[in-house]
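These notes concern the structure reproduced below.
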Amino acid sequence: MKTKILVVGGLVMAVVVSFWVYGNSLVAVGERESRWIVQDMWGSSFFGSRAEKLEEHERMNLISLREGSSENQELINYVLKNKCADYSVKCYLVMTAASNILIDAGEYDSGLRGMVEAINRVNAGDLCPIAHESAILRYKLKIASTKNVRSAQRLSVNVLERIKLNGGFIKNLKTGSCTSLAKEKPEFFYEYTMLIARIMELAGGDFVKAGAYISTLANDQG
1 MKTKILVVGG LVMAVVVSFW VYGNSLVAVG ERESRWIVQD MWGSSFFGSR AEKLEEHERM
61 NLISLREGSS ENQELINYVL KNKCADYSVK CYLVMTAASN ILIDAGEYDS GLRGMVEAIN
121 RVNAGDLCPI AHESAILRYK LKIASTKNVR SAQRLSVNVL ERIKLNGGFI KNLKTGSCTS
181 LAKEKPEFFY EYTMLIARIM ELAGGDFVKA GAYISTLAND QG
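In full-length UniProt numbering, the protein residues as written are 1 to 222.
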């Protein structure tokens with residue numbers, strides 16, 4: 001009987017140790033594969049930080065990135081009430097929010113046109129295009145959701161590799177103006193990183209571990 005107990009106890013201990021080692025391995029891989037976005041792009045201080053105060057148009061732009069934004073009546077009312085055609089950063093963010101709403105609703109062509117018009121219209125030479133790049137990620141996620149697993153995986157890997165190589169999908173985010181904005185308005189970079197995490201979850205391989213690691217960081221800080 002004692003021998004059986006010892007054997008069973010040994011097996012349980014072996015299983016526990018195996019799970020512990022495996023769990024630590026997942027964390028180590030996740031931390032390593034997410035370092036480029038969590039630490040290297042703008043420094044790690046943005047993640048989980050909060051600005052003293054966001055302007056209403058900034059807050060609405062961030063809300064527009066969320067799943068189901070096309071059904072958020074407060075957001076829709078704000079965008080309609082603040083329709084604009086000037087060259088300000090505020091107008092750029094409002095127009096991009098409108099594009100995000102259209103993309104969420106599946107109106108891809110209109111959403112993309114609005115997104116491009118917004119970034120081309122804004123008159124700010126040192127603008128950090130984080131809102132534009134976030135809108136692109138939101139669009140890519142919507143497109144990926146319409147594809148089969150293998151196609152979604154290929155699309156997601158392409159997006160991630162392109163961003164890692166160029167600092168952004170279209171616009172470079174690895175700039176001094178973006179590093180400064182990450183300190184002033186960290187919420188924009190947090191939302192961007194969470195979109196990256198969702199794309200990682202679709203990409204397969206070690207990217208999945210990186211996405212899970214980022215999500216765990218967010219849960220721990222939230």
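Think of the CB as a built atom: it goes at the ideal place given N, C-alpha and C, for glycine as much as any other residue.
Check: Same chain only: Cβ atoms within 8 Å of residue 123, ignoring 5 sequence neighbours per side; Outcome: 87 and 88
Check: Local Cβ density within 10 Å of residue 141, reported as buried at 16 or more and exposed below that; Outcome: buried
Check: At least three beta-carbon pairs within less than 8 Å, the region 158 to 165 to the region 113 to 123; Outcome: no
Check: Coil, strand or helix - residue 87 by DSSP; Outcome: coil
Check: Where the alpha helix (DSSP H) through residue 201 begins and ends; Outcome: 186 to 203
Check: Three-state secondary structure (DSSP) of residue 229; Outcome: Only positions 1 to 222 of the chain appear in this structure, which leaves residue 229 out of reach.
Check: Neighbourhood of residue 38 by C-beta, 8 Å cutoff - its chain only, sequence neighbours within 5 removed; Outcome: 44, 47, 193, 214 and 217
Check: Residue 62 and residue 129 closer than 8 Å at C-beta; Outcome: no
Check: Cβ distance (whole Å) where residue 202 is taken to contact residue 144 below 8 Å; Outcome: 6 Å
Check: Close beta carbons around residue 36, own chain, < 8 Å, minus the five adjacent residues each side; Outcome: 164
Check: Alpha-carbon spacing of residue 42 relative to residue 60, whole angstroms; Outcome: 23 Å
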